[in-house]
Ligand SMILES: Nc1ncnc2c1ncn2[C@@H]1O[C@H](COP(=O)(O)OP(=O)(O)OP(=O)(O)O)[C@@H](O)[C@H]1O
Ligand SMILES: [Mg+2]
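This is the structure we're talking about:
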C-alpha cells in the first residue's frame, strides 16, 4: 500500500499530520498538560492495533518517543533486553498510537537480503502470465514510510547484517533484486530488537550471532527491563483481575526471586552460577492466564509445570524447585479453589 492511496472519492494523504495533546495519545506516559504531540492524522491500512493490556515503562517509552518525534533519526533505534521484557510490544505500541503503519521483519539466521528487498512474483493479467515486482516489508517501509521493525536482529547472519548497513543508516538503499536504489522516506523509522548487543556465544540466547561494531554503532540503544513490582502488579491486575490479590502478589514474588537467581538482584548479570531459565513477563502473564483456564480444581503446580517448569533444564531444576517452595510453600500443591477461599 503506497503512502498516497487513492480511494474512489478522495485521495488520502497518509503523511498529513495533526497535533494532539500528548496525554490523550499516551495517557500512560503524560499527566494532563498543554504538551502537544504530532502524529499522522489518517490511519494507514498497514497500521496494527497494539496489545490493549500492554503497560509501557514510562522512561524507556518516553526516550523511544523522543527518538521518534525528533526532526531526524541520526541513528536507528535498538531495543535490547532479555526475553519477554516487552521490546516488540513497545515498538507496536508506539507505532499504533502515532498512527504509523508497521512492517515487521522477523530476522533469522537463514534469511537472505532478498527477503528484505522483495522479489518478482508471477501473476495473471488478462489471461496472461505476467511478472510483478513485489517489495518486501523492509523495502515497503523504506519507500513509503512507517515503522520498520527488525525483530530479533541479533539472529542475522553476517551476510544479512552487511546488506542492512545502508538501510539502518538511512542511506540510499540499493535493492539487488530489482537493480534499483530507493531513498528513505522521511517518515520511516527503523527499530531493531535484540536480546544481546551482538556479542555472540550467549549461553542463554544461543542462536544470537556476533555483530560487528560498524553495524552496532548505527543504533541508539535503549535497554528494556522487566517491569518493577508496582508495574507488574498493574499488569496482572489488568490481565487477571479475578485472581485474588495475595495470589497475584505471590506470582510476582516468584517471578522476581527467579530473576534474582538468573540475573542478580540488580538484573545486571552480576551473580555466581546463575540459573539459565528466565521467568519473563510473558511467562508470568501466561501463568496467571492458565491458572484461571485450568480451573478451580487444578493445582497451581499443574499450570506452572505447563507454562514454565517443563522447559527448565535438569541443571536448573533443583534450584527452581527450592525457589518455588520458598515463595509458595504448600500453596503450590493446592487447587485454585482453596486459594480463592484464602484471605
Ligand atoms: N510492560 C508490559 N505490559 C504488559 N504486558 C507485557 C509487558 N511487557 C511484556 N508483556 C507481555 O509479555 C509478552 C512478551 O513481550 P514482548 O514480545 O514484547 O517481549 P520481547 O522483549 O520482544 O521478548 P523476545 O526477546 O522474546 O522477543 C507480551 O506479549 C505481553 O503479554
Ligand atoms: Mg520480541
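Residue numbers (the working numbering): 918 to 1260. Every residue gets a Cβ at the ideal spot worked out from N, C-alpha and C, and that includes glycine. What you are looking at is a predicted structure, and each value in this text was computed from that prediction instead of being measured.
In terms of Cβ geometry, residue 1052 and residue 1063 do not form a close pair [threshold 7 Å]. Assigned with DSSP and collapsed to three states, residue 971 falls in coil, not helix or strand.
Around the C-beta of residue 998, 16 or more other C-beta atoms lie within 10 Å, and the residue is accordingly described as buried. In this structure, the CA atom of residue 1119 is about 20 Å from the CA atom of residue 1028.
Judged by their CB atoms, residue 954 and residue 978 are not nearer to each other than the 7 Å cut-off. Annotation for residue 1072 indicates a beta carbon at 6 Å or more from all heavy atoms of ligand 1.
Taking 6 Å as the cut-off, the C-beta of residue 1112 counts as close to a heavy atom of ligand 1. Annotation for residue 1004 indicates a beta carbon within 6 Å of some heavy atom of ligand 2. Residue 1126 counts as buried, since at least 16 other C-beta atoms from the protein chains shown sit within 10 angstroms of its C-beta. Scanning its chain for C-beta atoms nearer than 7 Å, with the 5 sequence neighbours on each side dropped, one finds around residue 1163 the residues 1259, in chain order. Exclusion of residue 1122 from the 6 Å shell around ligand 1 follows from its C-beta lying no nearer than that to any non-hydrogen atom of the ligand.
For residue 1045, the enclosing beta strand (DSSP E) starts and ends at 1045-1052. Within the region 1166-1220, the complete alpha helix (DSSP H) runs of at least 4 residues fall at 1198-1211. The Cβ atoms of residue 1054 and residue 1010 lie no closer than 7 Å to each other.
With a threshold of 16 other beta carbon atoms within 10 Å, residue 1122 meets it and is buried. In this structure the region 1197-1216 touches the region 1238-1256; the number of beta carbon pairs closer than 8 Å is three or more.
Considered as a whole, the region 1092-1140 harbours 1097-1099 and 1105-1111 as its complete beta strand (DSSP E) runs of no fewer than 3 residues, in chain order. Scanning its chain for C-beta atoms nearer than 8 Å, with the 5 sequence neighbours on each side dropped, one finds around residue 933 the residues 957, 958 and 959, in chain order.
If the five residues before and after residue 1073 are omitted, its C-beta is found closer than 6 Å to the C-beta atoms of 1024, all from its own chain and listed in chain order. For the pair of segments examined, the region 1163-1174 was found to touch the region 1196-1207: the number of CB pairs separated by less than 8 Å reaches three. The residues 1089, 1090 and 1091, in chain order, have a CB closer than 8 Å to that of residue 1083 in the same chain once the five nearest residues on each side in sequence are set aside.
Not one heavy atom of ligand 1 lies closer than 6 Å to the C-beta of residue 1049. In this structure, the C-beta of residue 971 approaches ligand 1 to less than 6 Å from one of its heavy atoms. For residue 954, there is no enclosing alpha helix (DSSP H); the residue is found in the beta strand (DSSP E) stretching over 953-957. Here DSSP, grouped into helix, strand and coil, assigns residue 930 to strand. Between ligand 1 and the CB of residue 1199, the shortest heavy atom gap is smaller than 6 Å. In the DSSP assignment, residue 1081 falls within the unbroken alpha helix (DSSP H) covering 1075-1086. Closest option to residue 1017, judged by alpha-carbon separation, among 990, 1243 and 964: 964. A Cβ-Cβ separation of about 15 Å leaves residue 1248 out of contact with residue 1226 under the 8 Å criterion.
Contact check for residue 1099 and residue 1056: beta-carbon distance about 6 Å, within the 8 Å limit, so the pair qualifies. Taking the Cβ of residue 1144 as the reference point, at least one heavy atom of ligand 1 falls within a distance shorter than 6 Å. Between residue 1128 and residue 1078, the C-beta spacing is below 7 Å. Under the rule that a run must span 3 or more residues, the beta strand (DSSP E) segments found entirely inside the region 997-1072 read 1019-1023, 1035-1042, 1045-1052 and 1063-1068. Distances from the CA of residue 1197 to each of 1071, 945 and 1112 were compared; the closest alpha carbon is that of 1112. Taking all protein chains shown into account, residue 1047 has fewer than 16 neighbouring C-beta atoms within 10 Å of its C-beta and is therefore exposed.
Boundaries cannot be given for residue 963, as no alpha helix (DSSP H) includes it and DSSP labels it neither H nor E.
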